[in-house]
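Below: the structure, in structure tokens.
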Ligand code: FES
Ligand code: FES
């Protein structure tokens, strides 16, 4: 197993750590950086629970090797709240019942954040498409889509 | 009289919602105590074999390996039900399904643990495998539990209420139908994980994603042969449960043993593949139902047979078996009813309870048969249901006590909202609409092991600053039980749910609640919390009344204030009231409990199905079904659920939506499929669950029938709404294309086959043709309950 020093930009902080080449970003985030907000439901790219943002785009942390990141900016659910202020999506998901067990929630929120970044006023179809890779076993998705829609509308019920 | 509520009946976010959305909530696998070792289990590659030897020496010699254990290290058997203690933490002498754990290691990291597993040498001697019902009922194959050859029957049951032969003889029309409901699984997004730690003083702590910390506590004490008082079980927030985390599991016992042997904390996180082997999902059930009808659609008698493929272990099996026959008469007045059922063992992962536990299969059968009977009799699906509808406050022929029942309102609601009457039979070809109803328990009437103690206990402790801490073992699996408790207590004490401190699911700190299964928590823990809070309230009210020289009955506790009705300026703050009460009578600590009334009928098996209250649901599904490809696109789902009283509108709706979601997945594609004894695809890629793209709009109505015994009138909502969804889909497919898909899941291949069959002049039906000829034994004859009036 070869090891190397990795430099990772995570949530606005730079981390230098020694890691073996084969470790996934998911493992490094959860185990080395104690950022356990990133979840995992399959470790095989099937569920979306491990979604993080790489340079603002959603990526499955279980499918990316930490050694492949090469300078990309990583955002996890912990990094979405800026200076202690929760992101609007975090508040909307909480207030509108979009989380039941909460296990899909970090991934859902990050996928939604990436969507809103690119398409500020998405249709329900756009939201469904953007979240199709994030499985939720509890909610039936309606309240999740509702929460994203709510934030897209500037916090207005539409 | 309408009661003004302050906390009850609002759209209340979960008390931990912001922790969830900011990633701060800690699930079991998020716990990493210092020095934690990685535990891994070696799983059987054989479906049925004797273990001739296990050599762990090479694994033990590997650097970084701290312990290796096998079945011999944990030889005491266990099982969730006292009557089926047939599991071992690690297989002892014999394996019974592919994926059964046979050995385990604890190592410094995952790589080392995995490598160590590869070094364990197990010698198996294969036995004939039993993979289906036919094998299990043959008498010349090896017994999975026991020695020699014989039928692999786990349990059978035969019960008769009233006189079915007479009822059928008197019928104007009799139908016989055969159905097969293939099994499926929970697929909670969080895979099970457990962390154990053993103190130098000999105290064991287990953190686990379990729905039932109390039962895990008991199993640990039994298998580890340790006093329960030295064991602490903490249920971490479950990342979904649905019944998949309600058995004590191998990894929970193994991780505890490894922690005790190594003196270091150990964690086991099941892989997604492991979870498919741990299973305990929906039983595959073959069903035969013969029902007699009057010409106006009234049911004269029903004879129901079920054959359950239970997999390798007992699990909740005896209960699952009876559940397939228990709730038929809770939605319709069936005057004569016979139930015969058998559960068999096979060499596959054990089945158990999944949302609806044993009842969705039977519900699918009777709700689709009713539509067929209506067609036979020239009635419409609504008329035949209304004609047979259960009465509120009545007894069923099999001795179930029905109290509040809003089923009629539920049906009215979905029929109107969906435009069912205008649409059924009148939509263009390929588009159809279907109706079905269902019913579920608000908590199993009896605990899993016989005892006369309360089924739920709640304690409240009030701090001198007025802060209220609620202690309850109720376990939040995503259904929102913690928030439910907060709402009940806050309502009673005039506080906000978010103001309370919740301590839950910890066997050291919290008084017993039996767990999150059978939709029991709102009814049972809710009532226990209400009793505890009422006592606290009374003490504060008495002390404040004394202080104000007022009559306690004149005092109001609301908005953090205690004052005389109509004079908000008169009183004291809640915190001041707490001080007065503490001065008057000492520590402000009170408890409450709930024990279900005695409801069981006078027969063996009567313990299954009884409940202090039942929820009711009606559902209409409208869909498009492509006649060429068999692809189904669900357009809309209308569902109305009698919840008694919605303590939390937001999350009650969420439970309905989630139940509909799970029902649609089961109806259309989910299947725990095997090739022989081998799982066809233990991954979420192969086991497909609905994504956002498959979900139609769900139109939810909550009907409030105000149950007399529920907390603030509340009943369950976690499981019931799933039940009618599956038959409503089947009935809608029939309306769309004229075919009967009598097998779940209703996949495109079956629909296409049914279309071909009908094009060739066949019946346009796909499904099993017969059930095995099995001797269920002489049915136990049970007189209908006193006061039972046949319709
Ligand atoms: S854990 Fe990465 S997609 Fe499931
Ligand atoms: S809230 Fe449980 S998986 Fe989405």
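Chains as they are written, first to last, in our numbering: chain Y, 521 to 678; chain U, 6 to 796. From the three backbone atoms N, C-alpha and C, an ideal C-beta is built for every residue, glycine too. Being a predicted model, the structure only gives us computed values, none of them experimental.
The residue from U:483, U:470, U:460, U:195 with its alpha-carbon nearest to that of residue 477 (chain U) is U:460. Taking C-beta separations shorter than 7 angstroms and ignoring five residues to either side along the sequence, the partners of residue 619 (chain Y) in its chain run 613, 625, following chain order. Here DSSP, grouped into helix, strand and coil, assigns residue 294 (chain U) to strand. Where residue 659 (chain U) is concerned, the enclosing alpha helix (DSSP H) starts and stops at 654-673. Per DSSP, reduced to three states, the secondary structure at residue 425 (chain U) is helical.
Of all residues in the region 188-217 of chain U, only 192, 193, 194, 195, 196 come within less than 7 angstroms of chain Y when Cβ atoms are compared, listed by chain position. Your pair residue 64 (chain U) and residue 125 (chain U) checks out as a contact, with CB atoms roughly 5 angstroms apart and the cut at 8 angstroms.
For residue 217 (chain U), the three-state secondary structure derived from DSSP is coil. Assignment of beta-bridge partners to residue 356 (chain U) by DSSP yields no partner. Neighbours of residue 739 (chain U) across chain Y, judged by C-beta separation under 9 angstroms, do not exist; the nearest C-beta is about 24 angstroms away. Neighbours of residue 655 (chain Y) in chain U, taken as residues at a C-beta separation under 8 angstroms, are given in chain order as 194, 689, 694, 696. Residues of chain U whose Cβ lies closer than 7 angstroms to the Cβ of residue 613 (chain Y) are, in chain order, 26. Taking 7 angstroms as the upper bound on Cβ-Cβ separation, chain U lies near residues 613, 614, 615, 617, 619, 620, 621, 622, 623, 624, 625, 626, 629 of the region 612-644 of chain Y.
Here the alpha carbons of residue 82 (chain U) and residue 91 (chain U) stand approximately 6 angstroms from one another. C-alpha of residue 730 (chain U) to C-alpha of residue 562 (chain Y): approximately 28 angstroms in a straight line. Linking residue 39 (chain U) to residue 212 (chain U) through their CA atoms gives a straight-line distance of about 15 angstroms. Every alpha helix (DSSP H) of 4 residues or more that sits fully in the region 160-222 of chain U is shown, in chain order, as 169-174.
Interface with chain Y (8 angstroms Cβ-Cβ cutoff): residue 656 (chain U) is included. Residues of the region 240-254 of chain U that bring their beta carbon within less than 9 angstroms of a beta carbon in chain Y comprise 242, 243, 244, 245, 246, 247, in sequence order. A contact between stretches requires three or more CB pairs, one per stretch, nearer than 8 angstroms, and the region 356-375 of chain U meets this requirement with the region 273-291 of chain U.
Taking 7 angstroms as the cut-off, the C-beta of residue 582 (chain Y) counts as close to a heavy atom of ligand 1.
For the pair residue 589 (chain U) and residue 609 (chain U), the Cα-to-Cα distance works out to about 51 angstroms. Residue 670 (chain Y) and residue 663 (chain U) have their C-alpha atoms roughly 20 angstroms apart.
By the beta-carbon neighbour count (other beta carbons within 10 angstroms, threshold 16), residue 398 (chain U) is exposed. By the Cβ neighbour-count rule, residue 566 (chain U) is buried, with 16 or more other Cβ atoms within 10 Å of its own. Counting along the chain, residue 739 (chain U) sits inside the alpha helix (DSSP H) bounded by residues 730-742. The Cβ atoms of residue 369 (chain U) and residue 666 (chain U) lie no closer than 8 angstroms to each other. At a cut-off of 8 angstroms between C-beta atoms, residue 570 (chain Y) does not count as an interface residue with respect to chain U.
Between residue 750 (chain U) and residue 673 (chain U), the gap from beta carbon to beta carbon is short of 8 angstroms. Distance from the CA atom of residue 466 (chain U) to the CA atom of residue 28 (chain U), rounded to whole angstroms, is 29 angstroms.
At least one heavy atom of ligand 1 is found less than 7 angstroms from the C-beta of residue 561 (chain Y). With a cut-off of 7 angstroms, the C-beta of residue 29 (chain U) is classified as distant from ligand 2, since no heavy atom of the ligand falls inside that distance. The beta carbons of residue 322 (chain U) and residue 223 (chain U) sit no closer together than 8 angstroms.
Within the model, the alpha-carbon separation for residue 636 (chain U) versus residue 440 (chain U) is close to 20 angstroms.
For residue 658 (chain Y), the distance from the CB to the nearest heavy atom of ligand 1 is not below 7 angstroms.
Taking a cut-off of 8 angstroms on C-beta distances, the region 478-493 of chain U touches the region 520-532 of chain U, as three or more cross pairs fall below it.
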